[in-house]
Amino acid sequence: MKTSNPKATSGRLARSLKRTLLASGPLTLLLSGCGLQPSTFGDAILTASASTGQDLAVEPTEFLEMVTETQTIRITERTEGPEDPDSNIIDGRFVVRLRLATAPAVMPDQPQSITGLDAGLSEDLHRVAKGTARPLVETGQLSWEALELKDVGLESTFVFESDHSPVEVTEALADYPQVEWVEPLRRLHAFGEVNDPAFAELDLQWNMNDLEVEYAWDHVDGTGTVVAVVDSASALNGSDAPESVMGGMDLVDWDTHNLSFTPTDSISGHGSHVAGTIAQATNNGIGAVGVAPGATILPIRVLDLAGNTDTSVVALGIYFAVFRGADIINLSLGGLGRSQVLEEACRFAHSEGVTLIAASGNNGFSDTIAQPAVFPTTIAVGASNIYGSAAPYSNSSYELDLVAPGGDTTPDVDNNNYLDGILQQRCPLGLASLCDYAFSVGTSQAAPHVSGVAAMLHQMGLRDPEGIRTILTDTAEDWGYGWSDGYGYGVLNLPEIFAYLGYPPPGQQ
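Each residue of the sequence shown is one higher than the one before, starting from 757 at the first, in the working numbering.
In structure tokens, the structure reads:
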């Protein structure tokens, strides 16, 4: 579990492996993406260049310049967290959880009011809300007998709009006994976007070589494990798509009646890229490989075409993943702050034995990681680069568990003429005609490596989320003694996991 004393030393010896870093000069990165401000958690399409036109490598301690049309921002290896942790609050949108003896409903003649409320609460809700208060989940939108809304409180959760500030809304409603909690909705989004499309051969996937996935495949490949990709969904109609896919759901356009539906991917193909890292079709003579090619992907769309969403929609995605039988949930998304509606969803999934893997975020903060990675029920994953070092953009704080390959903006350390990102197939907008191979950089790419390994552990009979966390952190390649800033407990180490579980080392099988 995540504790407040992360730097307590473990009994494991630090590994002596050192990686030689290349000397370099300044590197300029052109930043764009989704209309988000680069000073917030956000997506970035990164293009590396240098004034000399030469490939450059960047020391992890050197600054990177991120340039937009209006501003230049320098990102050091680690910076303090944001000055305003509430900068991603969505103006005028709130969610409230009620404590009521009977299932409530919106009153037809008073759309701001809800049945079953005491007079005072009903009056104050009517005063601060505008438009129509609506259930977080409309029962008419669902057709699953397995979805027990009452058991998790969804039937008593309502979303509403208001012209009042978050402080005013909270003061008006929070003290009523019938209000369990009320909070503003927060904006969340994907971490990391795709850059530099390129067709690939296996030797371009330095991340898979570093993990030694071929050794693992001699034993397990994730078969029998369901991994939910709660993301921009996954366009899984590409030539190299994962081979085992469950019917998914779309919580953006609300197509949840058709359980054979495969949701549309985003403009960038973020979801299909993430799903490919987990379970890309392998040994088929085409393109790239995934960590656990035998795993089954459950695509759940919570991000719009621009890669944005809010806390209530991601919470629904988590609940649906659990009810649809997910064993692992990958969350390559997030944002600032802590949301009650999202944390409760993660707590529920964890209590049901589902392992949640979440990206830490891409700001390079030394004391702040994003939600949902910050929650104690998730395994928080930062990013490492081709050196095995913590990537400079990867957020860290005491809640960080470990890092995994996420790539870096350092161009072509391995001299293969491609940026050293994470390569997978993507299918923008869900169109097979647009499928290509692309390098992506970010903690969005790190998390699915861990999800793939968690799928392998699940196949081996390890089903407890905390047991999986323990194995991942105890076997991580330790760059210190125990927990360390930027790394958590170290770098994901697949051969060490197998040694920990009693398997022979590579080459001695």
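Using N, Cα and C, we set each Cβ at its ideal position, and we do this for glycine too.
Just so you know, these numbers come straight off a predicted model, no measurement behind them.
| Asked | Found |
| --- | --- |
| Let me make sure I understand the geometry here. Which of G1198, H1106 and S1207 has the alpha-carbon closest to that of V1078? | H1106 |
| DSSP puts F850 in a beta bridge; with which residues? | F916 and P940 |
| Would DSSP call Q1127 helix, strand or coil? | strand |
| Report buried or exposed for M1005, applying the criterion of at least 16 other Cβ atoms within 10 angstroms of its Cβ. | buried |
| By alpha-carbon positions, which one of Y971, A1160 and I1253 ends up nearest to L1218? | I1253 |
| Only counting the same chain, and skipping five residues up and downstream in sequence, which positions put a Cβ closer than 6 Å to that of D1083? | T981, V982 and H1214 |
| DSSP three-state label for F1079, please. | helix |
| Using the three-state DSSP reduction, which class does F1195 fall into: helix, strand or coil? | strand |
| Which class does I1056 belong to by DSSP, given the choice of helix, strand or coil? | strand |
| Taking L1087 as the reference, which of V935, V1130 and D974 has the closest Cα? | V1130 |
| Give me the DSSP bridge partner(s) of T1065. | L944 |
| Helix, strand or coil for Y1259, going by three-state DSSP, please let me know. | coil |
| If we count Cβ pairs, one from each stretch, closer than 8 Å, do we get three or more for the segment 1192-1201 versus the segment 1229-1242? | no |
| Report the three-state DSSP secondary structure of E1252 (helix, strand or coil). | helix |
| Do V1137 and I1113 have their C-beta atoms within less than 8 Å of each other? | yes |
| CB-CB under 7 Å to W1093, same chain, minus the five flanking residues each way: which ones, in chain order? | Just to set this straight, residue 1093 is Gly in the shown sequence, not Trp. So the qualifying residues of the chain are P841, D842, N844, R942 and Q1127. |
| Compare the C-alpha of G1120 against each of G1144, Y1143, Y1149 and G978 and name the closest. | Y1149 |
| Would you kindly work out how many angstroms separate the C-alpha atoms of S1240 and I1224, rounded to a whole number? | 20 Å |
| Applying the 10 Å Cβ sphere with the 16-neighbour rule, what's the burial state of L1179? | buried |
| For the beta strand (DSSP E) containing D1230, list its first residue and its last residue. | Counting along the chain, D1230 falls outside any beta strand (DSSP E), though it belongs to the alpha helix (DSSP H) covering P1221 to T1231. |
| Let me know the secondary structure DSSP gives L892 once reduced to three states. | coil |
| Give me the Cα-Cα distance between Y1243 and F947, rounded to the nearest whole angstrom. | 18 Å |
| Quickly, what does DSSP pair G1138 with across the bridge? List them, please. | V1159 |
| Return the Cβ separation of D1157 and Y1245 in integer angstroms, given the expectation that the two are a contact with Cβ distance under 8 Å. | 6 Å |
| Applying the 10 Å Cβ sphere with the 16-neighbour rule, what's the burial state of R855? | exposed |
| P794 to T926, Cα distance in whole Å? | Any reading at P794 must be qualified, since the residue scores a pLDDT of 28, below 50, and its modelled position is unreliable; no value is offered. |
| Locate the alpha helix (DSSP H) running through T926, then write down its first and last residues. | P922 to L929 |
| So who's on the other strand from L1112, going by DSSP bridges? | I1085 and T1134 |
| Alpha carbon to alpha carbon, how far is G872 from F916? | 17 Å |
| Could you spell out the range, first to last residue, of the beta strand (DSSP E) harbouring D987? | V982 to D987 |
| Per DSSP, what are the beta-bridge partners of S1240 in this structure? | G1244 |
| So the candidates are D987, G1081 and S878; which of them puts its Cα closest to the Cα of M1002? | G1081 |
| Consult DSSP for G1073 and reduce its assignment to one of helix, strand or coil. | helix |
| Looking at the structure shown, is G1090 part of a helix, part of a strand, or coil, going by DSSP? | strand |
| Please confirm whether M986 and D1060 have their CB atoms less than 8 Å apart. | Going by the sequence as given, residue 986 is Val instead of Met. Taking 8 Å as the Cβ cut-off, V986 and D1060 do not qualify as a contacting pair. |
| Kindly identify the DSSP beta-bridge partner or partners of L873. | Bridge partners of L873: none, in fact. |
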